[in-house]
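Comments concern the structure below.
2 protein chains.
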Amino acid sequence: MRVPKKERQTELQHTIEQNPFITDEALATRFNVSIQTIRLDRMEMKIPELRERIKHVATERLDDVRTLTENEVIGDMIDLKLDTSAISILEILPEHAFSRNAIARGHILFAQANSLAIALIDDELALTTKANVQFTRSVHVGERVVAKAFVSSHRQDGRSDISVESFVGDECVFIGEFTVYRSSKEESR
Amino acid sequence: MRVPKKERQTELQHTIEQNPFITDEALATRFNVSIQTIRLDRMEMKIPELRERIKHVATERLDDVRTLTENEVIGDMIDLKLDTSAISILEILPEHAFSRNAIARGHILFAQANSLAIALIDDELALTTKANVQFTRSVHVGERVVAKAFVSSHRQDGRSDISVESFVGDECVFIGEFTVYRSSKEESR
DNA sequence: CTACTATTAGTACCAGGTAATAATGGTAGT
DNA sequence: ACTACCATTATTACCTGGTACTAATAGTAG
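Dropping the structure here:
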C-alpha cells in the first residue's frame with residue numbers, strides 16, 4: 001500500500017480542485033494506483049468526470065465574476081431611490097483581496113461606492129469627476145460590505161455631490177465624497 | 001437545397017460563437033442537413049469540435065477576466081523603483097467602460113492608480129487609508145492609460161503619500177493623491 | 001481460517017467526435 | 001445528351017475518457 005486510502009482521497013480532491021483538467025489516467029500514475037481505484041475514489045467523493053468538470057468551469061465563466069468589469073453596479077443593489085439614496089451589498093471574495101492577508105483591496109470598496117453613486121444619478125450620462133475617500137477599517141474576505149449613498153446636493157452647474165458610507169455590521173469601513181457630472185440636466189427633454 | 005452552403009456556414013459560425021456548447025447533431029437538425037455536412041463545414045471554417053470549444057472557454061476563464069480582481073496590479077507595470085516611482089499601462093477594453101458611451105468607469109482608473117501606489121510600497125503590508133482623486137478627462141475604449149506614481153513623502157507615522165497622474169498621450173486624465181499605510185516600517189528586520 | 005476491505009482486471013457500452021472512402025444527386029459547360 | 005464537378009450523405013473503423021457492472025486477487029484483523 002503506497003499511501004492510506006483516506007489520505008489519497010483528500011489529496012485527490014485537492015489535486016482536482018486546483019487542476020480540474022487532469023484525467024483519471026494521469027491521476028492514476030500520479031498516485032501510483034490503477035485507474036479503477038481513482039474512479040472508485042471519485043465515486044466516493046462524488047467528484048464528476050473530466051468533461052463534466054471542464055464544462056462546469058466553462059459555464060461558470062459565463063455568468064461569473066466579472067466583478068469589477070462588466071457589471072453596471074459592483075455589488076448587489078438592494079435599494080434605489082433615484083436622485084436621492086441607494087444601498088448595495090458586496091460580499092468580499094478571495095479574489096477581491098490580497099492573498100497574503102485576505103484584506104480587501106482599496107479599489108474594490110471604491111468601485112462599490114463609485115458605481116453606486118453613478119447608479120444613483122438618473123441621467124443619460126453620469127461621470128465621476130472627483131472623489132475624496134477614506135478607508136477607515138480594513139475589510140476581510142467573507143465580510144459583507146453595505147454601502148449607503150445619498151445625494152447631498154444637486155448643483156446648478158450639472159454636478160451632484162454624493163456621500164457614500166460603507167459598513168461591515170455597524171462599523172464604518174469607508175467614507176467617500178463623490179462629485180458626479182450629469183449630462184442631461186433635467187431641462188433637455 | 002435548403003439554404004446555400006456559404007450562407008449556412010456563416011450562420012453556423014455565428015451560432016457556435018454565441019453557443020459553443022452545441023453538438024454537431026443539434027446543429028444538423030437545426031440546419032436540416034446531415035451530421036457529415038456540419039462536420040465538413042466545421043473543417044472548412046476551422047471550427048474545433050465541441051469538447052475543444054468547451055475546453056477553450058474554460059481555460060480562457062482561468063487567465064482571463066481576473067483582470068480587475070486577482071492581479072496584484074491592474075494594468076501592466078512597465079517600470080518600478082521601489083519606494084520611489086512606478087509606471088503602468090492599461091488599455092481600456094469594452095468591459096471597462098459604460099456600454100452606452102464607451103467611456104471608462106471611474107473606478108477602473110482608480111483601480112489602476114491605487115494598485116500602482118500599493119505596489120510601489122516595498123513592505124509586507126500596504127493599505128490605502130485615504131485617497132483624493134480627480135477625473136480630468138473622460139477616457140474611451142481603445143485608449144491606453146499611462147499611470148505614473150511617485151512617493152511624495154514617507155512619514156514618520158508609517159504612512160506614505162503617493163501622487164499618481166494618468167495620461168492618454170500627453171493629456172492628463174486622472175490625478176490622485178493616495179495615503180498608504182505600511183506595516184513594517186523599515187526598522188523591523 | 002475466515003471475513004472484510006482495498007485494489008485491480010476485464011468486459012460491454014456510451015458520447016462525440018476524427019479520418020477516410022464511397023455513393024448519390026443536381027447543375028453547368030460544351 | 002454526356003461529362004465534369006460540387007455538395008451532400010452514408011458507412012465504416014477508430015479514438016478518448018469516461019460509466020456500469022462483475023469478478024478476481026491481496027492483505028489484514030478478528
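Protein chains in written order, with UniProt numbering: chain A, 1 to 189; chain B, 1 to 189.
C-beta: ideal position from N, C-alpha, C; glycine also.
Small disclaimer: the values here were computed from a predicted structure and weren't measured.
{"Query": "Alpha carbon of residue 65 of chain A to alpha carbon of residue 74 of chain B, nearest angstrom", "Result": "Low confidence applies here, because residue 65 of chain A scores a pLDDT of 42, under 50, leaving its location unreliable and the question unanswered by this model."}
{"Query": "Opening and closing residue of the beta strand (DSSP E) in which residue 174 of chain A lies", "Result": "171 to 182"}
{"Query": "Chain A contact for residue 51 of chain B (CB, 8 angstroms cutoff)", "Result": "yes"}
{"Query": "Interfacial residues, the segment 129 to 147 of chain B to chain A, with Cβ spacing under 7 angstroms", "Result": "129, 130, 131, 132, 133, 134, 135, 138"}
{"Query": "Among B:165, B:55, B:140, the one whose alpha carbon lies nearest that of residue 94 of chain B", "Result": "B:140"}
{"Query": "Outcome for residue 151 of chain B when other beta-carbon atoms lying within 10 angstroms are tallied against a minimum of 16", "Result": "buried"}
{"Query": "Proximity test, Cβ basis, 8 angstroms: residue 19 of chain A and chain B", "Result": "no"}
{"Query": "Short CB-CB distance (under 8 angstroms) between residue 106 of chain B and chain A", "Result": "yes"}
{"Query": "DSSP-derived helix/strand/coil call for residue 127 of chain B", "Result": "strand"}
{"Query": "Beta-carbon neighbours of residue 54 of chain B, restricted to chain A and to distances below 7 angstroms", "Result": "54, 55, 58"}
{"Query": "Minimum Cβ-Cβ distance from residue 63 of chain A to chain B less than 8 angstroms", "Result": "Here the model assigns residue 63 of chain A a pLDDT of 48, short of 50, so the residue's position is not dependable, and the following value carries that caveat. Cβ-Cβ to chain B under 8 angstroms: no for residue 63 of chain A."}
{"Query": "Whole-angstrom C-beta distance between residue 88 of chain B and residue 116 of chain B, which should lie under 8 angstroms", "Result": "5 angstroms"}
{"Query": "4-residue-minimum alpha helix (DSSP H) runs that sit fully inside the segment 36 to 104 of chain A, ordered along the chain", "Result": "50 to 62"}
{"Query": "Counterpart residues of residue 160 of chain A in DSSP-defined beta bridges", "Result": "A:154, A:180"}
{"Query": "Residue from A:12, A:183, A:16 whose Cα sits closest to the Cα of residue 123 of chain A", "Result": "A:183"}
{"Query": "Residue-level contact to chain A via CB, residue 167 of chain B, 8 angstroms cutoff", "Result": "no"}
{"Query": "Counted within 10 angstroms of its Cβ, other Cβ atoms place residue 133 of chain A as buried (16 or more) or exposed", "Result": "buried"}
{"Query": "Residues bridged to residue 144 of chain A [DSSP beta-bridge criterion]", "Result": "A:91"}
{"Query": "Residues near residue 105 of chain B in its chain [Cβ-Cβ closer than 8 angstroms; skip 5 each side]", "Result": "96, 97, 98"}
{"Query": "Per-residue DSSP class, three states only, for residue 138 of chain A", "Result": "coil"}
{"Query": "Contact with chain A by residue 115 of chain B, beta-carbon distance below 8 angstroms", "Result": "yes"}
{"Query": "Best match in B:40, B:45, B:22, B:26 for proximity to residue 10 of chain B [C-alpha to C-alpha]", "Result": "B:45"}
{"Query": "Start-to-end residues for the alpha helix (DSSP H) that takes in residue 30 of chain B", "Result": "24 to 31"}
{"Query": "Close Cβ partners of residue 143 of chain A (< 6 angstroms) along its chain, the five nearest in sequence each way excluded", "Result": "92, 168"}
{"Query": "Chain-order list of residues whose beta-carbon lies under 6 angstroms from that of residue 63 of chain B (same chain, five-residue window excluded)", "Result": "Low confidence applies here, because residue 63 of chain B scores a pLDDT of 48, under 50, leaving its location unreliable and the question unanswered by this model."}
{"Query": "Residue 14 of chain B burial status per 10 Å Cβ neighbour count (16 or more: buried)", "Result": "exposed"}
{"Query": "Beta-carbon contacts of residue 79 of chain A that lie in its chain and below 7 angstroms, excluding the five residues immediately before and after", "Result": "86, 87"}
{"Query": "Residue 154 of chain A to residue 120 of chain B span [Cα, whole Å]", "Result": "37 angstroms"}
{"Query": "Beta-carbon proximity of residue 107 of chain B to residue 114 of chain A, cut-off 8 angstroms", "Result": "yes"}
{"Query": "CB contact flag (residue 128 of chain A, residue 180 of chain A, <8 angstroms)", "Result": "yes"}
{"Query": "Residue closest to residue 101 of chain B, alpha-carbon to alpha-carbon, out of A:125, A:84, A:118, A:111", "Result": "A:125"}
{"Query": "Identified DSSP bridge partners for residue 165 of chain B", "Result": "B:148, B:175"}
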